[in-house]
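The UniProt record's numbering applies: residue 1 is where the sequence shown begins, and numbers increase by one. Don't be surprised by glycine CBs; every beta carbon is placed ideally from N, CA and C.
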Amino acid sequence: MVSVVRVLQAAVAETKQEVTINQRTTNMRLFDSHPDVQNTFLPFRGLSNKDMESSAILRAHALRVMATVEKCITRLDRIDKTNVILKELGHRHIDYQVKPKYISLMGPQFMMAIKPHLESQWSEEMEEAWTHLFRIISYHMKKGLRPSKAEQI
Ligand code: HEM
């Protein structure tokens, strides 16, 4: 786990800017491959790809995903607290009408977007580290996406 943390910390520190910019590409790819996901972002309904590309909301979400990734990386030593934060974040995604299956799509799309910009540093170890991190994020967010029993009554 220590080496996973080191690999991710280095990757994030050196490429934060590029990752942020390219998260926009991530979202576009997500929408292309899964058009139904686009409707989740209420403000994007009916918008063309070009309009979406320049959307401030999409850019804002890209920054939010990136901030969550960073939060997880800096807090991997306080994993219990991080898990609760992720679960709560997942729970808030119920209101955003996000289906659990969409959450798992984010990791692979994110990696596809950042990989070309990290080419010189990219390694099997780094790919495994990102995959591992997104697996953790997705697992806990999806837990929170399930409505609580009290809410189902
Ligand atoms: C790794 C997966 C994801 C992370 C870390 C993430 C993170 C976030 C964060 C931090 C916010 C800010 C609001 C809050 O804290 O409640 C947010 C909002 C939102 N997310 Fe996500 N999200 C993820 C996946 C998705 C996916 C897959 C979708 C849609 C298919 C989505 C749709 C939205 C929408 C519609 C909002 C509200 C509008 C906005 O603030 O941009 N999210 N997300």
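- [ ] Mind reading off the beta-carbon distance from K142 to I103? Whole number of angstroms is fine, and I expect it under 8 Å.
- [x] Against the sequence shown, residue 142 aligns to sequence position 142. Against the sequence shown, residue 103 aligns to sequence position 103. The pair is a contact, with the Cβ atoms about 5 Å apart (cut-off 8 Å).
Three-state secondary structure assigned by DSSP to F99
If you number the sequence shown from 1, residue 99 lands on position 99. It is worth fixing the name first, because residue 99 is Lys in this sequence and not Phe. DSSP places K99 in coil when its eight states are reduced to three.
- Return the residue from the list I79, F110, P100, R75 that minimises the CA-CA distance to F134. Mapped onto the sequence shown, residue 134 falls at position 134. Considering only alpha carbons, the answer is F110.
- Report, in whole angstroms, the separation of the C-beta atoms of A75 and T82, which I expect to be a contact under 8 Å. Locating residue 75 in the sequence shown gives position 75, counting from the first residue. Locating residue 82 in the sequence shown gives position 82, counting from the first residue. Inspection of the sequence shows that residue 75 is occupied by Arg rather than by Ala. Rounded, the Cβ-Cβ distance is 5 Å, consistent with contact.
### Task
Go ahead and pull the three-state DSSP assignment for R135.
The residue labelled residue 135 in the question sits at position 135 within the sequence shown. Residue state, collapsed to three classes: helix.
Q.
Do P108 and L145 count as a contact pair if the criterion is CB distance below 7 Å?
A. Taking the sequence shown and counting its residues from 1, the one referred to as residue 145 is at position 145. Taking the sequence shown and counting its residues from 1, the one referred to as residue 108 is at position 108. Taking 7 Å as the Cβ cut-off, L145 and P108 do not qualify as a contacting pair.
- Task: Give the DSSP-derived three-state secondary structure of Q121 in the structure shown.
- Result: Taking the sequence shown and counting its residues from 1, one reaches residue 121 at position 121. Three-state result, Q121: coil.
Can you tell me whether V65 sits near the ligand HEM, meaning its C-beta is under 6 Å from at least one heavy atom of the ligand?
What you label residue 65 is simply residue 65 of the sequence shown in a count that begins at 1. Yes, the ligand HEM has a heavy atom inside 6 Å of this Cβ.
Exercise for the section: With a 10 Å radius around its C-beta and 16 neighbouring C-beta atoms as the bar for buried, classify S138 as buried or exposed. Expected result: In the sequence shown, counting from the first residue as 1, residue 138 sits at position 138. By the neighbour-count rule (16 or more Cβ atoms within 10 Å), S138 is buried.
| Relative to the ligand HEM, is the shortest distance from any of its heavy atoms to the C-beta of R92 smaller than 6 Å? | For the purposes of this step, residue 92 is taken as residue 92 along the sequence shown, with counting starting at 1. For the ligand HEM, at least one heavy atom lies less than 6 Å from the Cβ of R92.
inquiry  = Just checking Y96 against the ligand HEM - is the residue's beta carbon closer than 6 Å to any of the ligand's heavy atoms?
reply    = The residue labelled residue 96 in the question sits at position 96 within the sequence shown. Because some heavy atom of the ligand HEM lies under 6 Å away, the Cβ of Y96 counts as near it: yes.
- Going by the beta-carbon positions, is the gap between H140 and K87 smaller than 7 Å? Stepping through the sequence shown from its first residue, residue 140 is reached at position 140. Stepping through the sequence shown from its first residue, residue 87 is reached at position 87. K87 is positioned such that its CB atom lies closer than 7 Å to that of H140.
inquiry  = Strictly under 7 Å for the Cβ-Cβ distance: is P116 near chain C by that measure?
reply    = You won't find chain C in this structure, because it holds only one protein chain.
Return the CA-CA distance between W130 and A67, expressed in angstroms with no decimal places. On the sequence shown, position 130 is the one that residue 130 refers to. On the sequence shown, position 67 is the one that residue 67 refers to. One C-alpha to the other measures close to 15 Å.
**Asked** Under a Cβ-count criterion, where at least 16 other Cβ atoms within 10 Å of its own Cβ denotes burial, should V98 be classed as buried or exposed?
**Response** Taking the first residue of the sequence shown as position 1, residue 98 is located at position 98. By the C-beta density criterion, V98 is buried, having at least 16 other C-beta atoms within 10 angstroms.
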